[in-house]
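Structure, as structure tokens:
Number of protein chains: 2
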Amino acid sequence: MEPTSYRRVLFLLMASLLLLLLSIRTWIRLPSLGSAKIELDCSEYGSWCTFKNRIQSRSGAFIQRTKPKQQQKADHESEVAKHPLDPLTLREIQRVQSIMQKTSIFNQGKFALHSVVLEEPLKEEVLSWKAGSNLPTRKASVIAWADGHAYKLIVDLVLGQIVENQISHENGYPAMTMEDMTSAVQVPLKSKEFVEIVEKRKVNMSDLACGPISSGWFGAGEEGLRLIKVMCFSSAGTANYFMRPIEGLVVLVDMDAKKVLKIIDDGKDIPLPKAEGTDYRLSAQKYPLIPPLNPISIEQPQGPSFKIDGHQVKWGSWEFHVKPDPRAGMIISVATVKDPETGKMRRVLYKGFTSELFVPYMDTSEGWYFKTYLDAGEYGIGLTAMSLDPLNDCPRNAYYMDGLFATADGTPYVRSNMVCIFERYAGEIAWRHTECPITDMQIREVRPKVTLVVRMAASVGNYDYIVDWEFQTDGLIRAKVGLSGILMIKGTKYENVDQISSTDELHGTLLAENIIGVSHDHYITFYLDMDIDGKDNSFVQVEMAKKTVKNGPTPRKSFWKAEKHIAQTEKDAQIKLSLYQPAEFHVINPSRKTNIGNPVGYKLVPGATAASLLDHDDPPQLRAAFTNNQIWVTPYNRSEEWAGGQYVYQSKGDDTLAVWSDRDRPIENKDIVIWYTLGFHHLPCQEDYPIMPTVSSSFDLKPTNFFDRNPIMRTTPCYEKDLPTCAASS
Amino acid sequence: MEPTSYRRVLFLLMASLLLLLLSIRTWIRLPSLGSAKIELDCSEYGSWCTFKNRIQSRSGAFIQRTKPKQQQKADHESEVAKHPLDPLTLREIQRVQSIMQKTSIFNQGKFALHSVVLEEPLKEEVLSWKAGSNLPTRKASVIAWADGHAYKLIVDLVLGQIVENQISHENGYPAMTMEDMTSAVQVPLKSKEFVEIVEKRKVNMSDLACGPISSGWFGAGEEGLRLIKVMCFSSAGTANYFMRPIEGLVVLVDMDAKKVLKIIDDGKDIPLPKAEGTDYRLSAQKYPLIPPLNPISIEQPQGPSFKIDGHQVKWGSWEFHVKPDPRAGMIISVATVKDPETGKMRRVLYKGFTSELFVPYMDTSEGWYFKTYLDAGEYGIGLTAMSLDPLNDCPRNAYYMDGLFATADGTPYVRSNMVCIFERYAGEIAWRHTECPITDMQIREVRPKVTLVVRMAASVGNYDYIVDWEFQTDGLIRAKVGLSGILMIKGTKYENVDQISSTDELHGTLLAENIIGVSHDHYITFYLDMDIDGKDNSFVQVEMAKKTVKNGPTPRKSFWKAEKHIAQTEKDAQIKLSLYQPAEFHVINPSRKTNIGNPVGYKLVPGATAASLLDHDDPPQLRAAFTNNQIWVTPYNRSEEWAGGQYVYQSKGDDTLAVWSDRDRPIENKDIVIWYTLGFHHLPCQEDYPIMPTVSSSFDLKPTNFFDRNPIMRTTPCYEKDLPTCAASS
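Taken in order, these protein sequences are the chains called D and X. Everything in the first sequence is counted per this note's numbering, starting at 1 for the first residue and increasing by one. Everything in the second sequence is counted per this note's numbering, starting at 1001 for the first residue and increasing by one.
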């Protein structure tokens, strides 16, 4: 062929190839690495969020999602950061990806990004920033895994380069990526031994559903390699494969080499529980549905009262910043409240979030002993948060905020509707008083309570965690955790309690034929950087000290009096709650006083909680030593945010909150951080089968001599004229 | 005059007199004793509920009460009992009055009725009764005070006579009547010494507001007479006279002789706190009001789902009976829940109510040491409950129930809108699960939570207690107590914290100039006659027992296991809660099992609570010994309903729950009653001044292996089509 013709043919060939690829791409909607589009909206591209996924996509019963009418689908492509604490935008994540792809830090240029988040500016920078001025330099904090090491990097997005790089020599690894998990669960499929076991258990490979179970750390034999245990279920006949475990089958996998290290099968005689009755999906219900109650909704004919600009929220007397976070789930920052007397905004909480979520199971057998999850540091509470269901997860006037995260190669993806914000009226009373007839004053003053709720829900495998931050107009903040979702159950030969011998240890409760709900705990540790009217605060344990009166002036023999103990160093604030040694826990600003001289403050008010009973030297408890006390106080330190340490996966417990606190540093009149752990003991019961009604617990941060007086006294009640006129739509 | 004319004139005279009287009566709306009308609607005839009242009626800011549209004003005159547990009707109270007036039991025929309530039929009668059949014989239980003794009488309303009469030889007296209280506060006015002291304190007699403070019991010197301590305040310049105490002035009064026994004044140098800034009434607010949030309401375009017939409530899966009670406030009875599998109603709670409310103050001085209230037995939680404010105390679709009580001479009176019942949607989640991307199942199932709330609010002098019983469709019952209203404060010379010397004991917190909020506790003890699927139940303490593994099969060193301890006698169930010795508290029916053999049951789940620290031999703690433990279990006994004893006023503690429980009676597989105490320690803070934002705590009764599976799995989510279309009314 002539050279010109050759070039023409080549050109035409390439053009057609390009055209072909383009059409294929448009048809399949492949994710294109490094492109400018958002492909990975996980509510639409579920399977692609995992990149590789051999398990057939199940159409299931996907409830038609109603898009909230007042909200436009967020345009992430053109989004820019407006506040110093705003999370990385789509463009910024892409910039990180691009910078990472060009770096020569890693041998052979191969890396996996385990975390790509904003490197928050210094507190001073954030606090001195004013709306309208330039943001502090935008930087990304990146944790990369390469060459068998974790690298902690800071990427300057303005300079366009990596400005800090710390290779980790710590024990432990970063949280798994979605890619780690999905590839791990496929590794056993390559093992002939595994396939044989599955077949012997009468499970079809096409029904196999496997989950990645963090293996914890139990000694020297479990170091130096990233390990994971894969456990499998049958999804034949039900979406609720959790109820059909291939009990006793544990595959130990080398996460990086992607190979099977060991297979344990000590459940040969344990049958697969039945599928019947386990499917919770509406579409799968065979029996008549329970007739619904009359429709009921929270209505706001003039719309909600909150104003949201990007991540900044204004509502009632509150202003705060909220952002999704892959590890914490959701972070509340720079929360300030308006003083009704002065009209000024006053600082309360600089940063609050769920720092770790420890879930130890109480079964010491081979298939269970290691189930001692640290869900934030191993899986990511934000990474496992799925889109909320409008109307059912949140009421109709809720505002939705998307999460924007990065895959292992740095491609941004959207977790839409991950956080909802809504106003709540629940028929509660803010304050009231009526005079009784003795004085004959015809007085009845009542004010209704309206609050603001900020919510997300993480589904960490089987369990659903609903995390709420609720703001009240009287200055109180309530943090609440609700537990729902599906139990992790254990297969058993037992079909009835009668069959259980007295010496047999179930480690839980028989819930249905062949199903044991295994006992376990949940501990959610909150990081609370309280900055009451400023950074320098003190922590005061106000003991209700019992006093006995001997030969007193009156016949009264006993009382309690408040005795204040100001914590000077960290060991003064390692606190176990005790019903018979009660105390209040105040965070005060010793330099600010009320009108009559009390130091301003807030107090932490625990609700119901539980304490870990595990031995302190039991490896899971070593790793979760931050649950040795319910309350801790540390001096503010940017590197001390994750209660289980920076690298929690397979950690040995040498970098936990307990370790830091034992340094016994000064905490009086300093910038301090409060840590509170909300716990649950869970002995399952049949009502938890096959899906659990929500149980929840909470704690409060309550203004205590923060205001000179009740801050909501000068409010109005609800009047009939304010009520809407509503008619059924159908 | 001729005889005919004379008679005519007389007739005309009498006719005009009658006419005149009739017009006067219609104009003034006097209460007429013994008549057939309801005169004493205390929301309209406040002053007449007290009969005598020297304190001027204050118009105050009485919020225009909107009558709930769907409810007709209850016609109490024609009301008849429909259920065996229905409270006495107006006609029945009048019948009691009439019978009492005719009896010759009391010398000189003089008596005061301290309690007139239904004598409940035996449990067997109540449970075997079916709608449509005759009610068991209606009887009244009456406590009368006459000749310095308490008489416990049963009045058969069918026979029209007293059929039982027990003169009390117990220590202690019945609850005060409104007449006791109003006459007691007037007694000091007759004392010259008192008037002089008041004048020296620069309080005008017309501004004087005095309150009746139960004096407790502190030894032999306080027996044999009904005593009360009167303490006074100035209401000059404010409705919130509680903020202006005449500190240190205590008048000991003989309640029956109506005379002053002793006057103590150890507050001569303590100034009267200022009125400024203390008035909480909307009408009294001088400074700009806080702008309200956008209107928000709970809307039900098809109306609420509950059906209420008299005192019987049906909602969702629940049926129960609710009635106001002068002593307990409100009683929930025969609560049954529908089993979704069988469609049958199953028994859960035979009777539940607040049995006592112990409020000890922590100040041992002369003016305070005796403030150790037992509000149910001394004042009556129901007697001090005022009408609820529609729209502010309860949401718009609430149903209201009146209380019907008797005055000291047996005249019935109505406390309208004393209880409200409403459906609540608060944006909460009943259960949920989403699948995360690993399995690629596009599943999101969420169900919203809708509950039913039954509420009343007692204003026992200064404090407001909001008591809620909340029913959930998943079978859970939550009992909640909210505290609001006004603190009992102590006058002081101090105006600033700076002035307080380190040796000075405030017994509380300085809240404002000259005002100390005195430390105190609240303990609300609940009576819970659980009848799980029948009367005979057992109480099982399920301990989370910590176990250490030595040389176990796996590297795990510790875990907890559930160890069940069935309580055999009462001493097995005298329980103090402990965070580090956790347990669950189950009430089971050992004769009924689930499909797979677990005994059916419910568990009591404590929320946040507090424990009394007072010495057991300190007189108030002796009288309130039922707070020595958080949980007790007793065998069902009709005479054991009031935790502080039948006669609590000035009781010595010899007839309390603690005394009964020490009898150590068998409680295994018997009809048992659970007692739970919800407590609060209160160290006041400035936010509590001059009126307190509501704080609350609760506990749950949760089905535990009661159902074979999650009872609300087969429910539907909320759909957009169910939402109403609402428009602002104005």
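The beta-carbon is built from N, C-alpha and C at its ideal position, and this holds for glycine as well.
Of all C-beta pairs linking the region 498-511 of chain D to the region 524-539 of chain D, fewer than three are shorter than 8 Å, placing the two stretches out of contact. Checking the DSSP bridge columns, you'll see W1318(X) partnered with W1315(X) and V1337(X). Contact annotation: the region 434-444 of chain D does not touch the region 396-416 of chain D, with fewer than three C-beta pairs closer than 8 Å. Within 7 Å of the CB of L1683(X), the CB atoms of chain D belong to V542, A562 and E584, in sequence order along the chain.
Going by beta carbons, K652(D) and W217(D) fall inside the 7 Å limit. Under DSSP, the beta-bridge partners assigned to A1458(X) are A1385(X) and Y1465(X). Non-local C-beta neighbours of E584(D) in its own chain, meaning closer than 7 Å and more than five positions away in sequence, comprise V542 and K603, ordered along the chain. Runs of the beta strand (DSSP E) spanning 3 or more residues and lying entirely within the region 1071-1127 of chain X occur at 1112-1118, in chain order. At a cut-off of 7 Å between beta carbons, I99(D) makes no contact with chain X. For the C-beta of A1081(X), not a single chain D residue is nearer than 9 Å; the gap to the nearest is close to 27 Å. The Cβ of A1728(X) sits closer than 7 Å to at least one Cβ of chain D. When rounded, the separation of the alpha-carbon atoms in R1346(X) and G367(D) is 39 Å.
Contacts between A1430(X) and chain D, judged by CB atoms closer than 7 Å, involve P693 and T694 in chain order. G343(D) counts as exposed, since fewer than 16 other beta carbons sit within 10 angstroms of its beta carbon. Of the other Cβ atoms in all chains shown, fewer than 16 fall within 10 Å of the Cβ of P1553(X); this residue is therefore exposed.
Distance check between R1226(X) and each of A1562(X), T1677(X) and D1147(X) places D1147(X) closest, using alpha-carbon atoms only.
In terms of Cα proximity to A625(D), the closest of V659(D), Y647(D), E563(D) and P606(D) is V659(D).
Counting only residues of its own chain and dropping the five nearest sequence neighbours on each side, M1231(X) has a CB closer than 8 Å to the CB of C1210, G1211, I1213, P1245, I1246, L1249, V1250, V1251 and G1367.
A direct Cα-to-Cα measurement between K1229(X) and K1190(X) gives close to 15 Å. For W660(D), the enclosing alpha helix (DSSP H) starts and ends at L657 to S661. Secondary structure of R1007(X) (DSSP, three-state): helix. Taking 7 Å as the cut-off, the Cβ atoms of G172(D) and Y647(D) count as close. Scanning the region 282-314 of chain D from its first residue to its last, the whole beta strand (DSSP E) runs of 3-plus residues come out as 297-299 and 307-309.
Contact between G534(D) and F706(D) does not hold, since the beta-carbon distance rounds to 12 Å and is not under 8 Å. By the neighbour-count definition (other C-beta atoms within 10 Å, threshold 16), A1335(X) is a buried residue. Rounded to the nearest whole angstrom, the C-alpha separation of T725(D) and M205(D) is 57 Å. Judged by beta-carbon spacing, Y1373(X) lies within the 7 Å limit of V1359(X), meaning their Cβ atoms are closer than that value. One thing to note: S1333(X) has its Cβ no nearer than 7 Å to the Cβ of K1480(X). At least one C-beta of chain X is nearer than 7 Å to the C-beta of Q686(D).
C-alpha of F1370(X) to C-alpha of A376(D): approximately 52 Å in a straight line.
P1606(X): not part of any alpha helix (DSSP H); member of the beta strand (DSSP E) spanning P1599 to P1606, first to last residue. Buried is the label assigned to R415(D), since at least 16 other Cβ atoms lie within 10 Å of its Cβ. Ranking A328(D), G237(D) and P324(D) by CA distance to the CA of S283(D) puts G237(D) first. The beta carbon of P1590(X) is closer than 6 Å to those of S1538, P1599 and N1669 in its chain, skipping five residues each way along the sequence. Listed by position along chain X, the residues whose Cβ is nearer than 7 Å to that of V467(D) form an empty set, because the closest Cβ is around 12 Å away.
In the DSSP assignment, M1401(X) falls within the unbroken beta strand (DSSP E) covering Y1399 to A1406.
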